[in-house]
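What follows is one structure encoded as structure tokens, with my remarks underneath.
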Amino acid sequence: MGNTRVFVVGIRRLRGAKLMNTLTRPVRPSALERWWQSTVHFLRQGRHFVIAIPMTWLVLFFLIPFAVVFKISLSEKALSIPPVSSLWGWNSEDAMVTLSLYLGNYKFLWEDNLYLDAYLSSIKIAAISTVITLLVAYPIAYLIARSKKYRYVLLALVILPFWTSFLLRVYAWMGFLNKNGVINNILLSLGIIDEPLNMIGTNFAVYIGVVYTYLPFMILPLYTILEKLDESLLEASADLGAKPYETFLHVVLPLSIPGIIAGSLLVFIPVVGEFVIPTLLGGSDTLMIGRVLWDEFFTNRDWPMASAVAIVMLVFLVIPMMVLRRVQDVRQERNT
Amino acid sequence: MKSRANFLMIAASLGFAFLYLPIISLVIFSFNESKLVTVWGGFSTKWYTSLLENEALKDALVNSLIVASVSASLATVLGTIAALSLTRLGNFRGKTLLSGMVTSPMVMPDVIIGLSLLLLFVAMEGLIGWPAGRSLTTIIIAHTTFCMAYVTVVVQSRLSNMDESLQEAALDLGAKPFSLFFLITLPLIIPALVSGWLLAFTLSFDDLVIASFVAGPGNSTLPMIIFSKVRLGVSPDINALATIMISIVALGVLVAIWNISRSSKRKKV
């Protein structure tokens, strides 16, 4: 962004300089002119080279892999190394190269209820936990944005767990929710319950794990929006006789919608494919597609089926990802 | 007004309790004498000493440190170049593609990234013979790819918030683009590079899913060892390990906060 502006300034100054040149004829070219010449030279030489470095890396290791996954999803499981059938063959009778695409994986995905149920249940679990995360995160983000003195301390307190291991944070809840874990012991000793509650191995534990590990992803975008909220709007609303909850509902909430959308998508999209949380905290009946993909790959060693599962998951996630990009672009434009 | 403030305070303290109580209980039970993680049997540090005798764990720690430092460094270089391309080089063909590819690994589910990279490595091995089998190298490539996204975002936001007058002044004084970058821009974005590197290091050090897909036999990283153990249930030596890791991170963050507050005080004076 800034660069284009520099260019415009540069060109204008240059024109002025040329005009000056003809009028006053300075002996040597000005610093700006020299800069301009070397920049033009550098840009011709170096610009595309600079851009090409990250571009090549990402095309090779991010874009092409999806094509490979798609290709493998159209092949059959085979007893070879790698355990997939080859799409290209050689028909020696007719001397023809043959291309055989196997659609059986997708057919099986559609016909076997396990997969469809797993997709739907992943989306359901991700959606519910996104809503809970939003409800937990909003007051925290609002408090941080409104506090003057302790703002950075509170912000650091929120981010600190994010720097510690994800796996260990999920693990911490295993000890907490266990049948003879901390929560059950406290509730038992207080006499609230007579028998330990079965919490681990339920969807409830999965929700807690997701909210716990993804909370910062929700708090940070909300905080960024709420921090910029003009306080005079709140005062104006109060002066006009709005009760605090009305101000919140009609002023704060609508203004924070971009943050809500960004935060929700940052939680929802990765949670749909979550593997660790349902495996450690969920039960055998917690059906999530990330777990299904893992089992297809590691347990059944069915690479084509795992690829088909991944491709369909991607199709489900393309729209939310595009919305997220749109929201982030708009935010960035506003910043500049 | 008062009641709203109270409500906020209560809600936020509950939120912070939710964030920290599990970690605190994890730390407390790492000093538990009893093997049952949840019943207190007296103070002991025996789980810490048992960590020292665990050879598999030590090997995995070395692997993780190598992978995390190499891929964080690569990701910082690539991410910085990507951020510069996106903010400083004007419009070019494929800019949308680049910015899309840079940010999508941040939300892409780990299982998809892991599977797709493994299949790529296998296909490449079949075509050109490289990478021969899975090793630490394949983990490093995979981690660099997804960590690069975070570095780019951090550096990009620093670049777009930067005061441009310094650079314009340097240009007016005759700096060439190359020296402009190394003498002016780079020193100004060093803080962003450091935090990007640290973030990339933690993310790589922490990753279980992607590494499980692309690691070769015998290249287990620390999260892979922890996961295989934790999968069977809670175990006190993992509590001890977690306590050590959390203390290191907490110490680092405290030093960082202390540094920031010190430098912001200096600015005020």
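Chains as they are written, first to last, in this note's numbering: chain A, 1 to 336; chain B, 337 to 605.
All C-beta atoms, glycine included, are put in the ideal place defined by N, C-alpha and C.
Remember, predicted model here, so these are calculated numbers, not experimental data.
| Check | Outcome |
| --- | --- |
| For Ser-380/B and Asn-368/B, believed in contact at Cβ under 8 Å, the rounded distance | 7 Å |
| At least three beta-carbon pairs within less than 8 Å, the stretch 408-416 of chain B to the stretch 480-488 of chain B | yes |
| Beta-carbon proximity check, Ala-578/B vs Leu-388/B, cutoff 9 Å | no |
| Boundaries of the beta strand (DSSP E) in which Asn-91/A is found, first to last residue | 88-91 |
| Where the beta strand (DSSP E) containing Val-97/A begins and where it ends | 96-99 |
| Cα-Cα separation, Leu-558/B to Met-313/A | 28 Å |
| Continuous alpha helix (DSSP H) stretch holding Ala-459/B: start and end | 446-464 |
| Beta-carbon separation (whole angstroms), Ile-311/A vs Phe-70/A, contact threshold 8 Å | 6 Å |
| For Pro-523/B, the nearest candidate out of Leu-463/B, Ser-540/B, Leu-502/B (CA to CA) | Leu-502/B |
| Neighbour flag for Pro-441/B against chain A, beta carbons, 9 Å | yes |
| Complete alpha helix (DSSP H) runs within the stretch 489-577 of chain B (minimum length 4 residues, chain order) | 501-508, 522-542, 545-550, 558-566 |
| CA-to-CA distance, Val-398/B to Glu-391/B, given in whole angstroms | 11 Å |
| Nearest neighbour of Ser-400/B, chosen from Arg-494/B, Phe-428/B, Ala-547/B [CA to CA] | Ala-547/B |
| As assigned by DSSP and simplified to three states, the class of Phe-379/B | strand |
| Residues that Ser-361/B contacts on chain A, provided the C-beta gap is smaller than 9 Å | Ala-172, Gly-175, Phe-176, Gly-181, Val-182 |
| Near-chain B residues of the stretch 311-334 of chain A (beta-carbon distance less than 8 Å), N- to C-terminal order | Met-313, Leu-314, Leu-317, Met-321, Leu-324, Arg-325, Gln-328, Gln-332 |
| Expected contact under 8 Å - CB spacing of Pro-304/A and Leu-455/B to nearest Å | About 10 Å; that fails the 8 Å criterion. |
| Contacts that Ile-417/B makes with chain A (C-beta to C-beta distance below 9 Å) | Val-50, Ile-51, Ile-53, Pro-54 |
| Exposed unless 16 or more other CB atoms sit within 10 angstroms - verdict on Trp-90/A | exposed |
| Stretch pair the stretch 313-324 of chain A + the stretch 144-151 of chain A: three plus CB contacts closer than 8 Å | no |
| Residue-level contact to chain B via CB, Ala-306/A, 9 Å cutoff | yes |
| Residues bridged to Asn-368/B [DSSP beta-bridge criterion] | Phe-379/B |
| Counted within 10 angstroms of its Cβ, other Cβ atoms place Tyr-119/A as buried (16 or more) or exposed | buried |
| Cβ separation of Val-545/B and Phe-275/A, assumed to be a contact under 8 Å, to the nearest whole Å | 6 Å |
| Enclosing alpha helix (DSSP H) for Tyr-119/A [first to last residue] | 113-146 |
| Element boundaries [alpha helix (DSSP H), containing Leu-71/A] | Looking at the sequence shown, residue 71/A is not Leu but Lys. First-last of the alpha helix (DSSP H) with Lys-71/A: 64-73. |
| Contact check, Ser-256/A vs Glu-246/A, beta carbons under 9 Å | no |
| Whole runs of the alpha helix (DSSP H) within the stretch 142-189 of chain A, excluding any shorter than 4 residues | 151-163, 166-177, 182-189 |
| Local conformation of Lys-243/A per DSSP, three classes | coil |
| Whole-number beta carbon distance between Leu-293/A and Asp-117/A, since they are thought to touch under 8 Å | About 14 Å; that fails the 8 Å criterion. |
| Alpha-carbon to alpha-carbon, Ala-586/B and Tyr-171/A | 18 Å |
| Residue-chain proximity (Thr-521/B, chain A), Cβ-Cβ < 9 Å | no |
| Beta-carbon neighbours of Arg-47/A, restricted to chain B and to distances below 9 Å | Ser-421, Leu-425, Gly-426, Phe-428 |
| Members of the stretch 65-81 of chain A near chain B, C-beta cut-off 7 Å | Pro-65, Phe-66, Val-68, Val-69, Ile-72 |
| Selected residue, minimal CA-CA separation from Leu-495/B, among Ser-421/B, Ala-353/B, Ile-449/B | Ser-421/B |
| DSSP state of Ala-592/B mapped onto helix, strand, coil | helix |
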